[in-house]
Amino acid sequence: MKQFALFVLAVCMAALGTPALGQHGTHQVEITGDAWVRATPPNRTVTAAYLAIRNTGDEVRRVVGASSIVAGRAELHTHIHDRESGMMQMRHVDFIELPPGETVRLAPGGLHIMLMDLTRDLQPGMTVPLSLEFDDGHRLEVEVDVHREAPDASGHGGHGHDHHRH
Ligand SMILES: [Cu+2]
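In structure tokens, the structure reads:
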């Protein structure tokens with residue numbers, strides 16, 4: 025079992041060891057504000073990650089993928105309001121567009137990174153690594169805190185009321 029864990033870790037390290045890694049500072053995209061992942065009850069295998077991404081460059085940039093070692097797979101999602109049913113529904117999106125000079129917020133009820141096939145329970149106080157992939161081939165690695173609810177839900181002008189359960 026321990027050997028298996030080490031093997032998995034080695035594979036992950038190899039996967040992360042792309043040439044783009046380490047260009048953190050040169051890439052004109054940065055994570056601003058609180059990045060967080062919703063804590064999971066035992067045996068829950070899906071959750072969502074939220075963060076704000078700022079494009080400091082002068083070209084449109086796109087987030088085209090995400091991954092984390094705690095998740096078998098990750099997808100970019102948004103919520104839409106279905107007029108027929110009056111319900112919020114999640115939709116997979118192929119990319120998240122980042123207009124130049126703007127900050128795009130991923131937040132409950134809107135855009136989020138869906139983490140699926142979780143390999144472990146995520147408890148408050150933990151941090152999980154998250155890797156974002158951009159259309160220019162860059163990757164951004166972030167450490168994301170695990171919380172039960174949005175940290176500082178009073179700020180950011182949001183109404184802080186989460187209609188949606190992951
Ligand atoms: Cu989702």
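When we follow the numbering used here, the leftmost residue of the sequence shown carries the number 25, and every step to the right adds one.
Yeah, the Cβ is synthetic: ideal placement off N, Cα and C, and Gly gets one too.
For Ile93, which of helix, strand or coil comes out of DSSP? coil
Report the three-state DSSP secondary structure of Gly57 (helix, strand or coil). strand
So for His162, helix, strand or coil by DSSP? coil
Expressed to the nearest angstrom, what Euclidean distance is found between the alpha-carbon atoms of Gly81 and Pro123? 9 angstroms
How would you label Thr71, buried or exposed, when you count the other beta carbons within 10 angstroms and need 16 or more for buried? buried
Which class does Thr80 belong to by DSSP, given the choice of helix, strand or coil? coil
Should Leu130 and His136 be called a contact, given that it needs their Cβ atoms to be closer than 8 angstroms? yes
For His101, is the beta carbon positioned less than 7 angstroms from some heavy atom of ligand 1? yes
Touching by the beta-carbon criterion (3+ pairs, under 8 angstroms), the segment 58–65 and the segment 146–163: yes
How would you call Pro66, buried or exposed, if buried means at least 16 neighbouring beta carbons within 10 angstroms? exposed
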